[in-house]
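The block underneath contains the structure these notes are about, expressed in structure tokens.
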Amino acid sequence: MITAQEFEDGYAETVGTTVQQLHADGRAAEPCTCDWDLCRGWILGYARQLQESA
Ligand SMILES: [Zn+2]
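Numbering-wise (our numbering), the sequence shown opens with residue 2 and increments by one.
And the structure:
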């Protein structure tokens with residue numbers, strides 16, 4: 002299982018942006034409970050009340 006930070010890093014790289022920009026847009030990793038074999042345990046959801054000190 003990777004960490005939320007690792008997931009966000011990978012997501013940002015995949016879509017050509019930065020984690021800081023994702024957070025600025027209100028996006029953040031959330032635990033995923035699907036049964037997909039390739040799921041890494043996280044999805045990028047909308048964190049409306051994200052409290053993070055960039
Ligand atoms: Zn999943």
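Ideal Cβ positions, reconstructed from N, Cα and C, are used throughout, including at glycine.
- Its Cα nearest to that of D26, the residue Y47 stands out among I3, E7 and Y47.
- Between V20 and E9, the beta carbon gap of about 5 angstroms places them in contact (Cβ cut-off 8 angstroms).
- Secondary-structure assignment with DSSP links A29 through a beta bridge to G46.
- By the CB criterion at 7 angstroms, L45 and R28 fall inside the cutoff.
- Rounded to whole angstroms, the separation of the alpha carbons of Q6 and C35 is 19 angstroms.
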